[in-house]
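Worksheet for the structure shown next.
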Amino acid sequence: MLWHLFLEVLLLSVALAEKKYHWKSSYGAYVLKISRETIMRLHRFMMSIKDLLGLDQCPEHYTKYVLGDSPFCYRFYPNLCTDWQKVRDFCQYEGADLISLTEDNFEFFRELASDLTNNGCGNGSLWVGLTDKEIEGNWRFLNGEPLSLRSSIWSSNANLHDPNNDCAAMSAPDFYLVASNCTISYSAICQIYLNP
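Numbering-wise, the sequence shown is residues -17 to -1, 1 to 179 according to mature numbering (1 follows the signal peptide of the UniProt record, and there is no 0).
Written out as structure tokens, the structure is:
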């Protein structure tokens, strides 16, 4: 958001400096006329500023991964062994959140989980950012995206209809999703989305 505002201010200042604007009284606003060449120069300049400032880089101890057009950073916390809400609070304190799975990124996180866990906390299971706390049986990721009960990323023994199981976890050893009691102690992978 701040990035786009900066770009708009930069475009406006260039247009005003080049005097390539006119007053459009019917709307009471300036209408900018900027050449494609100027826009391309500005884009290259903005990308160099973005690279220079490291705006598309991960925080320290996080690993960057790009899946399609969706770059993100992740960090595994094997020693963070607590309930769903405390794990989420910890991730948010780091500027991240619990991982949100999709059909596209599930295999990546599933393989990552199987490589990283050592059957320590919660037998190696990991909390994910998915819950049905608001409406029983209506599983939603923290960003509001729903997950169908028929999704292939649920374990065959997911226990989805138990009203005491409102939080989702990637369950060891196969790391498919299961519904779990939110007070059980598991570890987590925190995730930060980067703007592409």
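Note that CB positions come from ideal geometry on N, CA and C, so glycine has one too.
Beta-bridge partners of residue i, as assigned by DSSP
i      : result
Val161 : Ala152
Asp80  : Gln174
Trp110 : Ala152 and Ala171
Trp137 : Leu160
Phe124 : Leu113
Pro129 : Arg123
Residue burial classification, residue i (beta-carbon count within 10 angstroms, cutoff 16)
i           : result
Thr166      : exposed
Gly112      : buried
Trp6        : Low local confidence applies: a pLDDT of 38 at Trp6 is under 50, so the model's placement there is unreliable, and no value is given.
Gln75       : exposed
Tyr169      : buried
Asn178      : exposed
Tyr176      : exposed
Asn106      : exposed
residue 180 : Lying outside -17 to 179, the shown extent of the chain, residue 180 is not represented and no answer is given.
Gly11       : Reliability of the predicted coordinates at Gly11 is poor, the pLDDT of 47 falling under 50, and the value obtained from them is presented with this limitation in mind. Classification for Gly11: exposed.
Asp115      : buried
Residue interval of the beta strand (DSSP E) (run including residue i)
i      : result
Tyr48  : Thr46 to Leu50
Leu143 : Unbroken run through Leu143: none, as it is neither H nor E.
Anticipated Cβ contact below 8 Å, residue i with residue j, distance rounded
i      : j      : result
Ala96  : Leu109 : 6 Å
Phe158 : Arg71  : At roughly 19 Å, the Cβ-Cβ gap does not stay under 8 Å, so Phe158 and Arg71 are not in contact.
Tyr48  : Tyr60  : Wrong, their Cβ atoms sit about 17 Å apart, outside the cutoff.
Ala162 : Ala151 : 6 Å
Gly127 : Leu143 : With 8 Å as the limit, Gly127 and Leu143 do not qualify as a contact, their Cβ atoms being about 19 Å apart.
Asp87  : Leu50  : 6 Å
Phe89  : Gln174 : Wrong, their Cβ atoms sit about 13 Å apart, outside the cutoff.
Continuous alpha helix (DSSP H) stretch holding residue i: start and end
i      : result
Ser170 : Counting along the chain, Ser170 falls outside any alpha helix (DSSP H), though it belongs to the beta strand (DSSP E) covering Tyr169 to Tyr176.
Arg58  : Arg58 -> not in any alpha helix (DSSP H); beta strand (DSSP E) instead, spanning Ser53 to Thr65.
Asp115 : Neither: Asp115 is in no alpha helix (DSSP H) and is coded neither H nor E.
Asp98  : Phe89 to Leu99
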